[in-house]
Structures are given as structure tokens and as C-alpha cells.
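Worksheet: one structure, shown below.
Residue numbers (our numbering): 11 to 178.
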């Protein structure tokens, strides 16, 4: 379990995002959490060189709907990476398990089917406080971390031949 803020990044290690287009699909459920993640993601993309006009945001009702929202944004927009933002908090029923498993597998499937990386920015916490801590609270903002991942993956997507540190 993280105990420190993990949202710091070194811009010198991140490609410039000026030429990339990003999609962000955001769940409307738990908006006090998802909007903070969304804000962190947008601010970070812009800090890394992306322009506001190259960031497209769509809302969907809940985290389960993220997969369809991501699928439609891939099919209708020319994007270099997508960030799927949601929040599921453990309750008293198995609903938490079904939603988390479905969204996770759905995003995996999108990454396999399409040539656009979809970044998993879905907080799956036991309590609301844990979600608050990870959406701009004492543990940072997962939206920032996912935006950095989106920039790095967009750069990989746009390479003609991915390089390897192993020399392959």
C-alpha cells in the first residue's frame, strides 16, 4: 500500500506531447473523485506539451460504461492515447467485484483489439477516504500518473519501430 505521494514526475524523462491527441472518458459516478482525477490528467497533459484542443473529454454514467465510451471514442476520433477515469468503492454486495472485473477486462480487450493505448485510471478502493487520498489527497492524484503513462504510450504508438533497452 502506498504511503507517500506518487504523483511526482520528471518532465525530462517524458516525451513532448505537443503533436499527440488524447481522449479522456470519465465516469459521472462519484464525481468528487473522478473530476479531481480528470483535472489532474488534463493539467499534466498540458504541462507535458499537449494543447487543450488536442484533448477530448467524454462523460459516461458509471465505471462499467467506460469500456463502451472508450470503444466509441476510438472509433470516432483520431487519438494517440485514451485515459479511462472511474471510481468504484467497496460496498456490502458483490457489485464491486463484478464492476471492477468487467472494467478491467474490458480495458484489456480494448488494448488488444485497437491500436490506441487505453490507460486504466479507475480507483478501486475499500473506502471513500482511500479514493480521496488518491485523487488529489495525501497520496497524490492517479490522474497525473495516468496522464504521464498516456504520453509515454502515445510516443510508443507513434514510433515506427519501438526501441528496446535490451538492444533488440
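Heads up, the beta-carbon is just placed ideally off N, CA and C, and yes, glycines get one too.
Since this is a predicted model, take the numbers as computed values, not measurements.
Per the Cβ contact rule, the region 36 to 55 is in contact with the region 155 to 166 (3 or more Cβ pairs under 8 angstroms).
The residue from 103, 165, 21, 141 with its alpha-carbon nearest to that of residue 40 is 141.
Inclusion of residue 90 and residue 130 in the CB contact set at 8 angstroms is not warranted, their separation being larger than that value.
Setting aside the 5 residues that flank it on each side, residue 57 is surrounded in the same chain by 21, each with a C-beta closer than 8 angstroms to its C-beta; the list follows chain order. Following the DSSP letters along the chain, one finds residue 130 inside the beta strand (DSSP E) bounded by residues 128 to 135.
Here residue 57 carries a helix assignment [DSSP, helix/strand/coil].
In the assembly as shown, residue 71 is an exposed residue. Its beta-carbon has fewer than 16 other beta-carbons within 10 Å. Residue pairing by DSSP puts residue 97 in a beta bridge opposite 133. Around residue 66, the same chain offers 31, 32, 33, 34, 83, 87, 89 as residues with beta carbons nearer than 8 angstroms, after the five sequence neighbours per side are excluded.
Spatial neighbours of residue 45 in its own chain (CB-CB distance under 8 angstroms, excluding positions within 5 residues in sequence) are listed in chain order as 36. Taking the CA atoms as reference points, residue 106 sits about 17 angstroms from residue 117. With a 10 Å radius around the Cβ and a threshold of 16 neighbouring Cβ atoms, residue 101 comes out exposed. Note on residue 122: under 16 other CB atoms within 10 angstroms of its CB, so exposed under the neighbour-count rule. In the DSSP annotation of this structure, the continuous segment of the alpha helix (DSSP H) that includes residue 119 starts and ends at 105 to 123. Of the residues assessed, residue 134 falls on the buried side of the cut-off, its CB having 16 or more other CB atoms within 10 angstroms.
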